[in-house]
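Undergrad: Starting off with a structure, shown below.
Residue numbers (this note's numbering): 294 to 410.
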């Protein structure tokens, strides 16, 4: 069973930056959409950023201008560059990928991001 593995989370001060990465533990063929979600304590999981197979990106209003999603198709990897981090960005960040083949959908176990002074 292929799983997604996130990395790059940690503790950062307000105004700081982090780069999250997400790669599969095995092969996923014909990847379509790649997304980053986050879930803060006591809140529902929310979509943060989305990138299509054609490279079109969309962002939650709360992160526009600060976060950048990108992908490396050769490595089946999706990234989230997070700049100008705020206290309210504290959450567990999850990546999600779907494939053109059989509508398969994959999730990672999450990487925690804590913004604190």
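Virtual Cβ for every residue (Gly too), placed ideally from N, Cα, C.
Please determine, among 305, 294, 298, the residue with the shortest C-alpha to C-alpha distance to residue 376.
TA: Among 305, 294, 298, the Cα nearest to that of residue 376 belongs to 305.
Undergrad: Please classify residue 391: does DSSP put it in a helix, a strand, or coil?
TA: The answer is strand: DSSP assigns residue 391 an E or B state.
Undergrad: Over the uninterrupted beta strand (DSSP E) stretch that includes residue 360, give me the two end residues.
TA: Segment 360–365, the beta strand (DSSP E) holding residue 360.
Undergrad: What does the alpha-carbon distance come out to for the pair residue 346 and residue 386?
TA: Going from the Cα of residue 346 to the Cα of residue 386 covers about 21 Å.
Undergrad: Count the CB pairs spanning the region 309–326 and the region 367–383 that are closer than 8 Å, and state whether there are at least three.
TA: With a cut-off of 8 Å, the region 367–383 and the region 309–326 count as touching, because enough Cβ pairs lie within range.
Undergrad: How big is the Cα-Cα spacing for residue 371 and residue 406?
TA: Using only the alpha carbons, I get a separation of about 17 Å.
Undergrad: State the beta-bridge partners of residue 378 as determined by DSSP.
TA: In DSSP, residue 378 forms no bridge with anything.
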